[in-house]
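Protein chains: 2
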Amino acid sequence: MSTAHWNPHASRRETLTIGELAARTGKSLHTIRWYEKQGLIPGVVRDGGGRRTYVLDHVGWLQFIDQLRMTGMTVAEMRDYAALVAQGKKTLPDRVEILRDHRDTVRKRLKETRKALKLVEQKLGFYSTWLETGERPAEIPTLMRRPKKPNGSKKA
Amino acid sequence: MSTAHWNPHASRRETLTIGELAARTGKSLHTIRWYEKQGLIPGVVRDGGGRRTYVLDHVGWLQFIDQLRMTGMTVAEMRDYAALVAQGKKTLPDRVEILRDHRDTVRKRLKETRKALKLVEQKLGFYSTWLETGERPAEIPTLMRRPKKPNGSKKA
DNA sequence: GCTTGACCTTGAGTTTACTCAAGCACCGAT
DNA sequence: ATCGGTGCTTGAGTAAACTCAAGGTCAAGC
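Line by line, the protein sequences are chains A and B. Quick note: the first sequence uses the numbering used here, first residue 1, plus one each step. Quick note: the second sequence uses the numbering used here, first residue 157, plus one each step.
Structure (structure tokens):
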């Protein structure tokens, strides 16, 4: 937008261009357009020249769906959620349900990840001790000790 | 394997077939073969018929790389790690470094995810309150209030 | 000796979430 | 009038991690 240079915060305009939205959210123009095509961004209006115009709420919205993404929600799920948002407050119960489910899913995944991390840390501890003492600290077999023969038939 | 039916735990054989390994690790045959092709599974020996034979350590190994996967390590990184493992104990320092770096990465990601989750929970709380009280609890703007006109030129 | 079940290989297909390229339109400034 | 900066659309390309299909092999039981 031509005014962007000397009016970088668009202080006296209520709408944002896609470039400004990108700058404020850290998303690329590509991504924002793609998100829109995926149905993730309701309420995008075009100006006379066919360009997208956004409002400040869109910044918050993009930030919010970014939280959803960071917690592992898929674009498909976010699309469903966005569709509900676009339908107004009558969909509040559905939205609450989705968010609750998602929260539970994330908590579960966090738990699993922490567990897996603990095991990795164990292995790390094992290796570290081994490295420090020069002695293999027993416990936690790692890999690759073969018995005598593979059991199978000979070729001829 | 022909003996699999009546000897499901292969108790008196030191090697496992790919099917047995799959059963014990929850991975599919496809995935195990693919992992091997990716260089994730050292020490796989073929029997006279060309079939892969595994040892019990492979079960532990697959479980371990599953921990790495669950904590977000990529297959490419695991390949590097596996290559070090295959080179024996002289690579211990490198392995320790990799695991340490990975641990730090995971911790960081966990932190970010928890933060994002908190924000999602905030939104959820906001919605829940709104739903219970019937009153919008102020705070946390969500989306879509438009000013009067989109600013742009008219078509003609 | 034939069927069956477990394996084999190669190569293609799938899903998710972008990311980029090409070619054109618009608008404000000079 | 034109030019640079933004923006537009369509469609293709990418990367990761599988997943599957087709067609063939092998060893054992009947």
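Glycine included, C-beta positions come from ideal geometry on N, C-alpha and C.
**Asked** Nearest-angstrom Cα distance between B:Gly-216 and B:Arg-292?
**Response** 53 Å
**Asked** Which residues of chain A have a Cβ atom closer than 8 Å to the Cβ of B:Tyr-283, listed in chain order?
**Response** Leu-92, Arg-95, Val-96, Leu-99
**Message:** Please list the terminal residues of the continuous alpha helix (DSSP H) segment that includes A:Thr-74.
**Reply:** First-last for A:Thr-74: undefined, no H or E at that position.
**Prompt:** With which residues is B:Tyr-210 paired in a DSSP beta bridge?
**Reply:** B:Leu-172
**Request:** Output the boundary residues of the alpha helix (DSSP H) element that contains A:Gly-39.
**Result:** Run containing A:Gly-39: none; DSSP gives neither H nor E here.
**Asked** Which partner residues of A:Arg-46 appear in the DSSP bridge assignment?
**Response** A:Arg-52
**Request:** Can you tell me which of B:Ile-174, B:Val-201, B:Arg-202 puts its alpha carbon nearest to the alpha carbon of B:Arg-189?
**Result:** B:Ile-174
**Message:** Going by DSSP, what residue range makes up the alpha helix (DSSP H) through A:Lys-89?
**Reply:** Unbroken run through A:Lys-89: none, as it is neither H nor E.
**Asked** Helix, strand or coil: how does DSSP classify A:Glu-132 here?
**Response** helix
**Prompt:** Closest by CA to A:Ala-116, which one among B:Gly-204, B:Arg-225, B:Leu-177, B:Thr-285?
**Reply:** B:Arg-225
**Item:** At least three beta-carbon pairs within less than 8 Å, the segment 260 to 270 of chain B to the segment 98 to 105 of chain A
**Value:** no
**Request:** Could you work out which residues of chain B lie near A:Arg-103, taking near to mean beta carbons separated by less than 8 Å?
**Result:** Leu-273, Val-276, Glu-277, Leu-280
**Message:** Check this for me: beta carbons of B:Leu-266 and A:Leu-110, under 8 Å apart or not?
**Reply:** yes
**Message:** Strictly below 7 Å CB to CB, what residues from chain A border B:Met-226?
**Reply:** Glu-112, Thr-113, Ala-116
**Item:** Helix, strand or coil at B:Lys-274 [DSSP, three-state]
**Value:** helix
**Message:** For B:Asp-203, which residues in the same chain have their Cβ closer than 6 Å to its Cβ, ignoring the five residues on either side in sequence?
**Reply:** Thr-209
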